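*Asks:*
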Amino acid sequence: MVGDGQRPAGTPLRAAQDEAGVPPGFWTGRGLAAVGLAGGDVVTERQAELLLGEGRHPDADRIERERLEEGKSPAQARRATVLGRPIEHNKSKKTEKAKERSPWLAIDLVFRAPSAAQIAWALLGDEERLVLELCQAIARDKALAWLEESVAEIRGGSGGKRRAPIRDGLIVAVFRHYESRAGKPLLHDHAIVSIRARRPHDGKWGNLSADSLMAHIVAADTLYILYFMEEVSARLGWAWEPREVTPGRRPVMDIAGIDQRLIDWQSTRRQQIEDALPILTAKYEEKHGHAPGERASYALACQAADQTRPPKRTELLSLTELRKRWRDSAIRAYGADVVDRLAERARAAAAAVWERVRPVVDIALAAVDVVAVVYVMRGAFKRHHLLAEARRHLSYVLRGQPHQVGLDEQIVQTVVDDYTRPASRRMMTADLRALYPRDTEDQAVLRPLTRKRTASPYERARLAADALAARVHAVRRAERLGSRARPRTVAVPAASRSRPRPFRTGRKAGRMLERTTDVDTVEQTRWTFEAAAKLAAKLQDGRRERAVAHGPRPQPAPAAAPPSHTQQPGIQHTPGRTTGRVA
C-alpha cells in the first residue's frame, strides 16, 4: 500500500504514501455499490483492514455501532458486519483441515507493461509518460472487466463444488508502483481482488472460486497486453514487433525501435537470475546425473530468483526524483543521443513495420496456428489455453492495430469445431485426422517436426504451425488455379465439420457474433478468381500453341468424369472434402 519503501510506525497511511511518492490506492469494480463504495474512492487504511484483512464490510464500524444502539449484543452486532463466513470459524478447534484454519481473503493480480514501454515511460517527457499511464489504466480496466463478466464464479453447495456467476461484480483495490526492487523503472499496478461476492439467486455473500480465476490468469494477461498495445499504437503511433528474450522460448511483443541496450539496462533482475542459474544447474546435474527437464528448469529458475532477490529500498523518493535518476543513469551508460532520440526512432521503426506488415487476421490460418502451438506445447488442453494463444496470435498479427471485439472467441470456436476432439471428460486435444488429410503427405512431413526432441517445445510448435499454414496456402492456391470465372458470384466457405455454435462475448452478454462478409473482401475475392481464370486460360492457349508447333504427342486415355463435373487440367479435386475455411 506504500510502495517498496518502509512505513514508519505510527505514520498515517496517506502521509506515508505522500512521503514515498506513490499515489494512494483507489477502489474499482462493479461490486462496489453492494458495500456502499464508488469507483475512484481512495482506499483508506481502515477499509483495507476490514475488507481485505477480516472479510467484513468496509464501513463495519458504523454498522456495528448502529446495531449496538438498537440493543443488539456485541456478537450480533459484529456478525452483521461480516460478509459471508466469519474468519473466526477458521480459527475454531473443531476445524480439522489446516487449509481452513488459514483463510485467504484476496488475490493480488499484477499488471505490468512490456519492457520497452517501461523504458519510454521512464526516459521520455511528461506528455509521453501520462499517455502511457493512461494506456496502462485502460488496458487494466478492460482485463478486469473481462474477468468480471466471463470468468468470476462464486462457490456454493457442499464443499463449494457448485459454481455460479456472481451477482454484482468484483471489489478491487488498485495500488500503483513505479520501480522494481533493483531500483529500475517498472510501471505496474497491484489489483487486490476481494474474494467476497454476492450469490445471484439470494444476494447472500460468499467466496469467489479461486480455481476459475487462476485458470484464466494467462488469458487475462494476454488480453491486457493486447489492449495495451492497441492503446499505445492509437495514441502515440508506435508499432510492435516480437523480441526473443530466451533462445528457443516464446518471444514477447515490444515497441519497435527501442534500443536493446536500454532494455538490458532496465532488466537487471533477469541478468542476476541468469548469472545464478548455471551454478544451480551444475549442482542438479551432479546430483541426478542428467540435465534438468522443462519442469526442473523452471523450478531452478524460481530458486535462482529467490536467492538473488534484493531487499526493498528504504530510501523514499518521489516519481520526479526517480525519473531524473533513471535518465542520468541511462545517459551515463549509453549517451544522450540514445536517450534523446528514443521517440524519433520509435516513430521511424513504426513506419518501417507498417510498410512490411499487413495487419489482417485470417480466421482459418489463425485457427490452424493456435491449435498447432497449443497441441505441441500441452498435448491435452482446455478452452482457456486456446483463448490465451488466440490473443497472442492477434497481438503478433495486428502489431497494435485494433481488433474486432469477440474475434478471439471466434478463433477459439473455429478451433473447437473443426480441429479438436475430446481427450477426457474435461480436456480436449487436436484432431489429427482433420489436420492431416488422408490423401496428402502432410502427416509424413509434420510428425518429425512435432517429435524433434532436440528442439524446445515452442520451436517444435512453430515448425508444426508453419507447415500447416503452408498446406492451407497450397490448397487455396490450387483452388484459385482450378476455379472458373463466374461473374457476380461469391465463393462461400465450406461448412464446418461439426454443428456450428453461437459465439458469445461473455456469460451475461446475450449478443451474438455472426460471421460477416466485408464488401471489399467480396470484390477482392471476385477479382482474384477472375484473374486466376484468365491466367489459366492463357496457360491453356500456350500449351495448345506448343503442341501444334512440336507435333502431337501420345496421350493416355482420360478417365471418365461425371457428366455434371468439369475439371481443369492438372488439378485433382476430391468431391465432398473440405479443404479449409477462408476468412
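584 is the number that this note's numbering gives the last residue of the sequence shown; the numbers go up by one with no jumps.
For glycine and all other residues, C-beta sits at the position ideal for the given N, C-alpha and C.
Source: prediction; values computed, not measured.
Would you identify the three-state DSSP class for T45, choosing helix, strand or coil?
*Replies:* coil
*Asks:* Let me know the secondary structure DSSP gives W327 once reduced to three states.
*Replies:* helix
*Asks:* Does the Cβ of S210 have 16 or more other Cβ atoms within 10 Å, making it buried, or fewer, making it exposed?
*Replies:* buried
*Asks:* Comparing alpha-carbon positions, which option in R422, P403, H217 lies nearest L227?
*Replies:* P403 is the residue among R422, P403, H217 whose C-alpha sits nearest the C-alpha of L227.
*Asks:* Give a yes or no on contact between the stretch 254–261 and the stretch 101–121, applying the rule of three or more CB pairs nearer than 8 angstroms.
*Replies:* yes
*Asks:* For A10, which residues does DSSP report across the bridge?
*Replies:* Beta-bridge pairing links A10 to no other residue.
*Asks:* What does the alpha-carbon distance come out to for the pair P1 and A17?
*Replies:* In the structure as shown, the chain begins at 2 and stops at 584. Residue 1 is therefore absent and cannot be evaluated.
*Asks:* What's the gap between the Cα of R262 and the Cα of P9?
*Replies:* 37 angstroms
*Asks:* Quick check on this structure: which residue in G249, V23, D5 has the alpha carbon closest to the alpha carbon of L464?
*Replies:* G249
*Asks:* If you follow the alpha helix (DSSP H) that Y397 is in, where does it begin and where does it stop?
*Replies:* 384–399
*Asks:* Is the beta carbon of V233 closer than 8 angstroms to that of G401?
*Replies:* yes
*Asks:* Note down, one range per segment and in chain order, each alpha helix (DSSP H) of at least 4 residues found wholly within the stretch 210–283.
*Replies:* Runs of alpha helix (DSSP H) with 4 or more residues, each lying fully within the stretch 210–283, are found at 211–216, 218–237, 261–267, listed in chain order.
*Asks:* Consult DSSP for E604 and reduce its assignment to one of helix, strand or coil.
*Replies:* Absent from the structure is residue 604, since the part of the chain shown begins at 2 and ends at 584.
*Asks:* Give the straight-line distance between the Cα atoms of D222 and I193, rounded to the nearest whole angstrom.
*Replies:* 15 angstroms
*Asks:* Mapping the DSSP letters down to three states, classify Q184 as helix, strand or coil.
*Replies:* Per the sequence shown, the amino acid found at residue 184 is Gly instead of Gln. Coil at G184, not helix or strand.
*Asks:* Which same chain residues end up closer than 7 angstroms to Q48 when comparing Cβ atoms and leaving out the 5 residues on each side of it in sequence?
*Replies:* P59
*Asks:* Using CA atoms only, rank isn't needed, just tell me which of A302, V371, H386, A292 is closest to D419.
*Replies:* Comparing alpha-carbon positions, the option among A302, V371, H386, A292 lying closest to D419 turns out to be V371.
*Asks:* Look up M1 in the DSSP assignment and give the residues it is bridged to.
*Replies:* Residue 1 lies beyond the range of the chain shown here (2 to 584); nothing can be said about it.
*Asks:* Quick one: residues in its chain with C-beta nearer than 7 angstroms to the C-beta of M428, no 5 flanking neighbours on either side, listed in chain order?
*Replies:* So the qualifying residues of the chain are A381, F382, K383.
*Asks:* Beta-carbon separation of R164 and S195 under 8 angstroms?
*Replies:* No, these two residues do not count as a Cβ contact at 8 angstroms.
*Asks:* Since A81 and D169 should fall inside the 8 angstroms C-beta cutoff, what is the C-beta to C-beta distance between them, to a whole number of angstroms?
*Replies:* Contact flag wrong, Cβ pair sits at about 19 angstroms.
*Asks:* Evaluate the contact criterion for the stretch 236–243 versus the stretch 324–335: three or more CB pairs, one atom per stretch, below 8 angstroms.
*Replies:* no
*Asks:* To which residues of the same chain is I88 closer than 8 angstroms at the C-beta, ignoring the five residues directly before and after it?
*Replies:* E55, G56, P104, L106
*Asks:* DSSP beta-bridge partners for L110?
*Replies:* Assignment of beta-bridge partners to L110 by DSSP yields A192.
*Asks:* When DSSP labels each residue in this structure, what does G207 get in the three-state scheme?
*Replies:* strand
*Asks:* Going by other Cβ atoms of all chains shown within 10 Å of its Cβ, with 16 needed for buried, is Q405 buried or exposed?
*Replies:* exposed
*Asks:* Between which two residues does the alpha helix (DSSP H) carrying E129 extend?
*Replies:* 127–147
*Asks:* Is it buried or exposed for L387, if we count other Cβ within 10 angstroms and need 16 for buried?
*Replies:* buried
*Asks:* Output the distance between the C-alpha atoms of L433 and V369, rounded to the nearest integer angstrom.
*Replies:* A straight-line Cα-Cα distance of about 12 angstroms links L433 and V369.
*Asks:* Do A297 and L636 come within 8 angstroms of each other at the CB atom, strictly closer than that value?
*Replies:* The question about residue 636 has no answer here: the residues shown for the chain are numbered 2 through 584.
*Asks:* Could you have a look at R310 and say whether DSSP puts it in helix, strand or coil?
*Replies:* coil
*Asks:* Report all residues from its chain with a CB closer than 7 angstroms to the CB of W355; omit the five preceding and five following residues, and keep chain order.
*Replies:* A240
*Asks:* Nearest-angstrom Cα distance between A479 and I172?
*Replies:* 55 angstroms
*Asks:* Please report the distance separating the alpha-carbon of R113 from that of D190.
*Replies:* 7 angstroms
*Asks:* Helix, strand or coil for P488 per DSSP?
*Replies:* Model confidence at P488 stands at a pLDDT of 43, short of 50, so the residue's coordinates are unreliable and nothing is read from them.
*Asks:* For the beta strand (DSSP E) holding A198, just list the boundary residues, first then last.
*Replies:* 197–199
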